[in-house]
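**Q**
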Amino acid sequence: MTEAVRTRRRRRATLVGVGFSTPWLLGLTVFTVGPVVAALYYSFTDFNLFQSPRWVGLHNYRALLSDDRFLKAVGNTVFLSVIGIPLGLALAMLVALALNFPVRGQPLYRAIVYLPAIVPIVTATYLWRWLLNAKYGFINRILGWLHLPQPSWLDDPSWTKPAVILITLWTVGATAVIYLAALQQVPQHLYEAAAVDGASSWQRFWHVTWPALTPVTLFQLVMGVILSLQIFTQPYLLAQQRLNPASGGPGESLLTYSIYLYQNAFVLLKMGYASAMAWILFIVIGLLTALILLSSRWWVHSETE
Amino acid sequence: MTLVATAALAVAGCSSSSSGSGGKTTIKFSYLWTGQEAAALQKVIADFNRSQDKIVVKGVSNPDQQAQLAGMTSANGAYDISDSFGSNTGAWASKGILEPLDGYISKDHYDLSDFVPAGMDQVKYQNKVYAMPIALHTFLLLYNKTLFAQAGISGPPKTMSELATDIGKLTKTKSGALTQLGFGSSSGVGTDYTTLAMAMGGHWYQSGKPTPDDPANVQALSFYVDNVTKKYGVGQVQKFASGFGDYQSPQNPFFQGKLAMVVDGEWQSAFIKDFAPKLDWGVAPIPYPDGRPELAGTSQVTSSILYIPRHAPNKEQAWEFMKYLESSKAMAAFTQALTNLPARTSLLSSPSYQQFPNFSAWLDELKSHNLQALPSLPSYAQYIADLNDAYDAVNRLAKTPQKALASVAARVKSYD
Numbered sequence: 023m024t025e026a027v028r029t030r031r032r033r034r035a036t037l038v039g040v041g042f043s044t045p046w047l048l049g050l051t052v053f054t055v056g057p058v059v060a061a062l063y064y065s066f067t068d069f070n071l072f073q074s075p076r077w078v079g080l081h082n083y084r085a086l087l088s089d090d091r092f093l094k095a096v097g098n099t100v101f102l103s104v105i106g107i108p109l110g111l112a113l114a115m116l117v118a119l120a121l122n123f124p125v126r127g128q129p130l131y132r133a134i135v136y137l138p139a140i141v142p143i144v145t146a147t148y149l150w151r152w153l154l155n156a157k158y159g160f161i162n163r164i165l166g167w168l169h170l171p172q173p174s175w176l177d178d179p180s181w182t183k184p185a186v187i188l189i190t191l192w193t194v195g196a197t198a199v200i201y202l203a204a205l206q207q208v209p210q211h212l213y214e215a216a217a218v219d220g221a222s223s224w225q226r227f228w229h230v231t232w233p234a235l236t237p238v239t240l241f242q243l244v245m246g247v248i249l250s251l252q253i254f255t256q257p258y259l260l261a262q263q264r265l266n267p268a269s270g271g272p273g274e275s276l277l278t279y280s281i282y283l284y285q286n287a288f289v290l291l292k293m294g295y296a297s298a299m300a301w302i303l304f305i306v307i308g309l310l311t312a313l314i315l316l317s318s319r320w321w322v323h324s325e326t327e
Numbered sequence: 157m158t159l160v161a162t163a164a165l166a167v168a169g170c171s172s173s174s175s176g177s178g179g180k181t182t183i184k185f186s187y188l189w190t191g192q193e194a195a196a197l198q199k200v201i202a203d204f205n206r207s208q209d210k211i212v213v214k215g216v217s218n219p220d221q222q223a224q225l226a227g228m229t230s231a232n233g234a235y236d237i238s239d240s241f242g243s244n245t246g247a248w249a250s251k252g253i254l255e256p257l258d259g260y261i262s263k264d265h266y267d268l269s270d271f272v273p274a275g276m277d278q279v280k281y282q283n284k285v286y287a288m289p290i291a292l293h294t295f296l297l298l299y300n301k302t303l304f305a306q307a308g309i310s311g312p313p314k315t316m317s318e319l320a321t322d323i324g325k326l327t328k329t330k331s332g333a334l335t336q337l338g339f340g341s342s343s344g345v346g347t348d349y350t351t352l353a354m355a356m357g358g359h360w361y362q363s364g365k366p367t368p369d370d371p372a373n374v375q376a377l378s379f380y381v382d383n384v385t386k387k388y389g390v391g392q393v394q395k396f397a398s399g400f401g402d403y404q405s406p407q408n409p410f411f412q413g414k415l416a417m418v419v420d421g422e423w424q425s426a427f428i429k430d431f432a433p434k435l436d437w438g439v440a441p442i443p444y445p446d447g448r449p450e451l452a453g454t455s456q457v458t459s460s461i462l463y464i465p466r467h468a469p470n471k472e473q474a475w476e477f478m479k480y481l482e483s484s485k486a487m488a489a490f491t492q493a494l495t496n497l498p499a500r501t502s503l504l505s506s507p508s509y510q511q512f513p514n515f516s517a518w519l520d521e522l523k524s525h526n527l528q529a530l531p532s533l534p535s536y537a538q539y540i541a542d543l544n545d546a547y548d549a550v551n552r553l554a555k556t557p558q559k560a561l562a563s564v565a566a567r568v569k570s571y572d
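These protein sequences, in sequence, are chains A and B.
Following my numbering, the numbering of the first sequence begins with 23 at its first residue and continues without gaps.
Following my numbering, the numbering of the second sequence begins with 157 at its first residue and continues without gaps.
1) Just checking: is the beta-carbon of residue 98 of chain A within a distance shorter than 9 Å of some beta-carbon in chain B?
2) Nearest chain A C-beta to residue 228 of chain B closer than 9 Å, yes or no?
3) What residues in the segment 134-161 of chain A bring their beta carbon closer than 7 Å to a beta carbon of chain B?
4) Who are the near neighbours of residue 216 of chain A in its chain, counting only those whose CB is closer than 6 Å to its CB and skipping five residues on each side?
5) Can you tell me whether residue 31 of chain A is buried or exposed, with buried defined as 16 or more other CB within 10 angstroms of its CB?
6) I want to see whether chain B comes within less than 9 Å of residue 322 of chain A, judged by CB atoms only; does it?
7) Would residue 430 of chain B count as contacting chain A if we go by Cβ distances under 9 Å?
8) Between the beta-carbon of residue 185 of chain A and the beta-carbon of residue 260 of chain A, is there less than 9 Å?
9) If you measure beta-carbon to beta-carbon, which residues of the segment 524-544 of chain B are closer than 9 Å to chain C?
10) On a Cα-Cα basis, can you pick out the residue from B:495, B:188, B:414 and B:302 that is closest to residue 225 of chain B?
11) Applying the 10 Å Cβ sphere with the 16-neighbour rule, what's the burial state of residue 398 of chain B?
12) Leaving out the 5 sequence neighbours to the left and right, which residues in its chain are closer than 7 Å to residue 210 of chain B when beta-carbon positions are compared?
13) Give a yes or no on whether 9 Å exceeds the smallest Cβ distance from residue 416 of chain B to chain A.
14) Can you say whether residue 304 of chain B is buried or exposed, counting buried as having 16 or more other CB atoms within 10 angstroms of its CB?
15) Going straight from the alpha carbon of residue 364 of chain B to that of residue 489 of chain B, what length do you get?
16) Identify each residue in the segment 185-218 of chain B for which the Cβ-Cβ distance to at least one residue of chain A is less than 8 Å, and report them in chain order.
17) For residue 548 of chain B, would you say it is in contact with chain A, using Cβ-to-Cβ distances shorter than 9 Å as the test?
18) Nearest CA to the CA of residue 343 of chain B: which residue from B:401, B:307, B:439 and B:315?
19) Please state whether the Cβ-Cβ distance between residue 290 of chain B and residue 493 of chain B is less than 9 Å.
20) Which residues in chain A have a C-beta closer than 9 Å to the C-beta of residue 554 of chain B? List them in chain order.
21) At 7 Å on the CB atoms, spell out the chain A contacts of residue 394 of chain B, in chain order.
22) Taking Cβ to Cβ, would you say residue 437 of chain B is nearer than 9 Å to residue 328 of chain B?
23) Looking at chain A, is there any beta carbon in it that lies within less than 9 Å of the beta carbon of residue 388 of chain B?
24) At a CB-CB cut-off below 9 Å, which residues of chain A make contact with residue 251 of chain B?
25) Check residue 293 of chain B in the structure and name its three-state DSSP category.
26) Can you give the beta carbon distance from residue 236 of chain B to residue 468 of chain B, rounded, assuming they're within the 8 Å contact cut?
27) Say whether chain A places a C-beta atom closer than 9 Å to the C-beta of residue 349 of chain B.
28) Residues of chain B with a CB under 7 Å from the CB of residue 266 of chain A: which are they?
29) Thinking C-alpha only, which one of B:245, B:375 and B:256 is nearest residue 556 of chain B?
30) Using 9 Å as the threshold, is the C-beta distance between residue 617 of chain B and residue 546 of chain B below it?
31) With a threshold of 7 Å on Cβ separation, who are the neighbours of residue 284 of chain B within its own chain once the five nearest residues in sequence on each side are excluded?
32) Give the single residue among A:168, A:159, A:167 and A:187 whose Cα lies nearest to the Cα of residue 174 of chain A.
33) Out of A:77, A:130, A:73 and A:151, which one is the CA nearest neighbour of residue 252 of chain B?
34) Quick check on DSSP: helix, strand or coil for residue 528 of chain B?
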């Protein structure tokens with residue numbers, strides 16, 4: 023009897039729980055899972071948004087492999103990620119270490135470093151367009167004072183990607199703040215013990231600070247990979263031209279994976295082709311994330327140890 | 157599914173009952189124009205509504221082209237009539253988005269003979285009419301008279317070799333850096349190669365097939381490379397162009413005297429009046445290649461069009477409204493509000509356009525026998541994207557014009 027009541031209560035609790043989460047579940051199904059599954063189907067079809075999709079099997083996937091623009095887009099995205107992610111993490115860590123020094127005005131410095139992260143990305147990129155302007159830009163003026171070469175940042179294909187990385191590094195404060203929080207979790211007594219043992223500052227960093235920062239680094243690395251492989255806004259806005267808003271930039275040097283996907287979907291209305299690209303990216307991000315998480319066993323120090 | 161079906165039925169029920177009970181049918185006109193232009197259009201709509209006892213037009217400004225496309229995907233379209241560019245006709249007609257208009261035209265014995273032929277070219281696909289031109293645009297050589305006088309040049313160049321000489325006279329450098337360029341584009345490095353190639357006698361399509369590497373097209377690109385990019389140095393030209401202000405602002409490099417000559421459209425008549433009222437400027441035909449005077453007055457024409465989506469709920473009423481917008485009176489009011497060219501031959505001589513400085517030159521250009529429109533084909537967007545890549549490579553001197561256009565020719569083979 024009591025057993026039956028308990029079961030009924032439990033079932034009731036479940037129903038109430040499901041009831042409360044229904045709006046979210048519906049949203050997830052209709053707006054996320056549905057489109058993702060639909061895109062998988064469309065990726066095997068020739069679909070232009072208006073006529074019913076025509077099944078073409080693996081044709082889109084095969085065509086991508088011999089599409090030189092696709093390969094160029096992959097190359098550009100890999101460049102931005104391989105250079106941009108480690109640079110971003112290293113810089114964020116250095117900034118966090120600097121901000122952790124007990125000096126006067128420390129809260130002010132922290133605020134200044136974080137400030138760029140609250141500027142909307144579109145506004146910031148438009149500002150950078152002018153900062154990087156080859157003729158009037160402040161960046162080149164400073165380089166001029168230093169007697170350094172002044173590149174045509176936005177017109178020279180070999181400088182456009184460094185320009186994008188520069189813009190992403192500008193918002194390093196967001197990552198630095200998380201590192202800063204992790205730094206403050208490091209028990210002081212470990213440093214004291216290390217000092218007593220006569221450890222140099224490098225040894226203190228490598229044996230005390232770094233292990234404490236690895237869990238945060240793991241998180242930042244995964245987020246960095248996801249964001250970087252999907253990078254769109256900065257290159258899109260830097261490459262934008264009058265009458266050609268979805269340009270790939272000079273020599274297609276800013277044609278990232280997401281921009282090429284967008285061009286196919288919304289300029290050329292090749293939805294099937296774009297869906298195939300989206301699914302490849304989805305799988306690659308999934309695989310990379312899994313690889314990073316697997317590798318964490320060898321380099322991430324869990325705090326419970 | 158059932159929910160959607162019920163909703164659709166309910167909507168259908170509503171609209172049929174409203175028109176059935178002797179009331180007016182409301183149709184929705186979604187357009188890309190905004191701001192001042194939208195305000196002008198609303199006046200034309202209000203005039204129509206006053207003249208009507210059967211149809212009410214509700215105009216909605218929606219400049220988002222993605223939303224415009226999305227509005228046509230469902231079986232029951234989101235609007236009844238809209239506008240676009242002639243270059244989209246082929247792509248959209250081939251995907252079944254547009255309602256063919258031949259049935260309406262023959263039923264009403266609607267007279268097409270007054271429409272500028274090159275403008276009608278862009279609204280046809282496989283010999284069917286899918287849209288109507290509401291305004292046309294064409295390109296001429298604009299020149300700065302003050303800079304011409306300073307350089308001791310009496311008038312605009314007539315031939316390509318005169319153009320080359322004038323570019324030399326009108327280009328100035330100061331300690332190696334360009335301070336004034338004889339001929340260029342207000343929106344960046346290069347010029348309007350597509351139009352310049354037509355003036356050279358080139359064709360971008362021959363009998364429905366793209367012909368990017370037509371020798372005259374190559375010649376047009378080489379003309380600019382030899383007379384500007386290579387002559388003054390690609391780095392200098394890039395640096396100079398990166399200092400250009402916004403196209404639609406007083407900082408436009410032509411308004412500022414940084415560029416002595418540009419190839420641009422009729423709307424510049426209004427832009428210059430607004431942004432650079434003191435500019436002393438003239439307008440002339442684009443020069444023709446030496447020894448080929450029969451090519452004088454060649455230019456490109458593009459169009460703004462009105463269309464009815466295939467899934468529009470009230471197509472008959474939309475056609476009635478379209479006829480009104482295409483009438484001489486409404487078209488004149490509309491094109492004058494936008495400072496665009498009318499699509500009707502009879503309006504080309506109308507004195508009402510005299511209010512715009514130098515505008516008659518563009519009106520006259522529409523009477524030229526050498527006017528070319530790019531045919532509106534399904535591959536248009538892909539072709540333009542590939543050509544833009546080629547132009548970019550040529551502007552950076554990464555490829556010779558011959559090689560750049562040959563690589564487009566290779567890509568063209570894979571078009572559907």
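In this text, a Cβ means the ideal position worked out from N, Cα and C, and glycines have one as well.
Please read these numbers as outputs of a predicted model, since none were measured by experiment.
**A** According to the structure shown:
1) Stepping through the first sequence from its first residue, residue 98 of chain A is reached at position 76. No, because no Cβ of chain B sits closer than 9 Å to the Cβ of residue 98 of chain A.
2) Within the second sequence, numbered from 1, the residue matching residue 228 of chain B stands at position 72. Yes, residue 228 of chain B lies at the interface with chain A (some Cβ there is under 9 Å from its Cβ).
3) 155, 156, 157 and 158
4) Numbered from its first residue, the first sequence carries residue 216 of chain A at position 194. Cβ neighbours of residue 216 of chain A beyond the five flanking positions: 226 and 230.
5) The residue you call residue 31 of chain A lines up with position 9 of the first sequence. Exposed, by the Cβ-count rule.
6) Along the first sequence, one-based indexing puts residue 322 of chain A at 300. It does not; no Cβ of chain B falls within 9 Å.
7) The residue given as residue 430 of chain B occupies position 274 in the second sequence. Closer than 9 Å: no.
8) Numbered from 1 along the first sequence, position 163 holds the residue referred to as residue 185 of chain A. Numbered from 1 along the first sequence, position 238 holds the residue referred to as residue 260 of chain A. Yes, they are a contact pair.
9) Although the question refers to chain C, the structure presented lacks it and instead comprises the protein chains A and B.
10) Residue numbering aside, residue 225 of chain B sits at position 69 when the second sequence is read from its first letter. Among B:495, B:188, B:414 and B:302, the Cα nearest to that of residue 225 of chain B is on B:188.
11) Sequence index remark: in the second sequence, residue 398 of chain B carries index 242 (1-based). Result: buried.
12) Residue numbering aside, residue 210 of chain B sits at position 54 when the second sequence is read from its first letter. Only 180 and 181 meet the Cβ criterion.
13) What you label residue 416 of chain B is simply residue 260 of the second sequence in a count that begins at 1. By this cut-off, residue 416 of chain B is not an interface position.
14) Here residue 304 of chain B is taken as the residue at index 148 of the second sequence, counted from 1. Its Cβ being crowded by 16 or more others within 10 Å, residue 304 of chain B is buried.
15) Position 208 of the second sequence, counted from the start, is the residue given in the question as residue 364 of chain B. Position 333 of the second sequence, counted from the start, is the residue given in the question as residue 489 of chain B. Each residue's alpha carbon lies about 35 Å from the other.
16) none
17) Taking the first residue of the second sequence as 1, we reach residue 548 of chain B at position 392. Interface residue, yes.
18) The count along the second sequence starts at 1 and reaches residue 343 of chain B at position 187. The shortest C-alpha separation from residue 343 of chain B is found at B:401.
19) The residue labelled residue 290 of chain B in the question sits at position 134 within the second sequence. The residue labelled residue 493 of chain B in the question sits at position 337 within the second sequence. Not a contact, by the Cβ cut-off of 9 Å.
20) The residue labelled residue 554 of chain B in the question sits at position 398 within the second sequence. Near residue 554 of chain B (Cβ distances below 9 Å), the residues of chain A are 179, 272 and 273.
21) Position 238 of the second sequence, counting from 1, holds the residue named residue 394 of chain B. Those within 7 Å of residue 394 of chain B in chain A are 156, 174 and 177.
22) The sequence position of residue 437 of chain B within the second sequence is 281, counting from 1. The sequence position of residue 328 of chain B within the second sequence is 172, counting from 1. For residue 437 of chain B and residue 328 of chain B, no; Cβs fall outside 9 Å.
23) Here residue 388 of chain B refers to the residue found at position 232 of the second sequence. Cβ-Cβ to chain A under 9 Å: no for residue 388 of chain B.
24) Your numbering for residue 251 of chain B matches position 95 in the second sequence. Within 9 Å Cβ-Cβ: 70, 71, 72, 73 and 291.
25) Locating residue 293 of chain B in the second sequence gives position 137, counting from the first residue. In the structure shown, residue 293 of chain B sits in a strand (DSSP, three-state: E or B).
26) Mapped onto the second sequence, residue 236 of chain B falls at position 80. Mapped onto the second sequence, residue 468 of chain B falls at position 312. Contact flag correct, Cβ pair sits at about 4 Å.
27) Along the second sequence, one-based indexing puts residue 349 of chain B at 193. Answer no: the Cβ-Cβ gap between residue 349 of chain B and chain A never drops below 9 Å.
28) Start at 1 with the first residue of the first sequence, and residue 266 of chain A comes out as number 244. Within 7 Å Cβ-Cβ: 544.
29) Residue 556 of chain B sits at position 400 when you count from the first residue of the second sequence. Restricting attention to B:245, B:375 and B:256, the CA atom closest to the CA of residue 556 of chain B is found in B:375.
30) With chain B covering only 157 through 572, there is no way to say anything about residue 617 of chain B.
31) Position 128 of the second sequence, counted from the start, is the residue given in the question as residue 284 of chain B. Excluding sequence neighbours, residue 284 of chain B sits near 256 and 258.
32) Taking the first sequence and counting its residues from 1, the one referred to as residue 174 of chain A is at position 152. Ranking A:168, A:159, A:167 and A:187 by Cα distance to residue 174 of chain A puts A:159 first.
33) Your numbering for residue 252 of chain B matches position 96 in the second sequence. Per the Cα distances, A:73.
34) Within the second sequence, the letter at position 372 stands for residue 528 of chain B. Strand.
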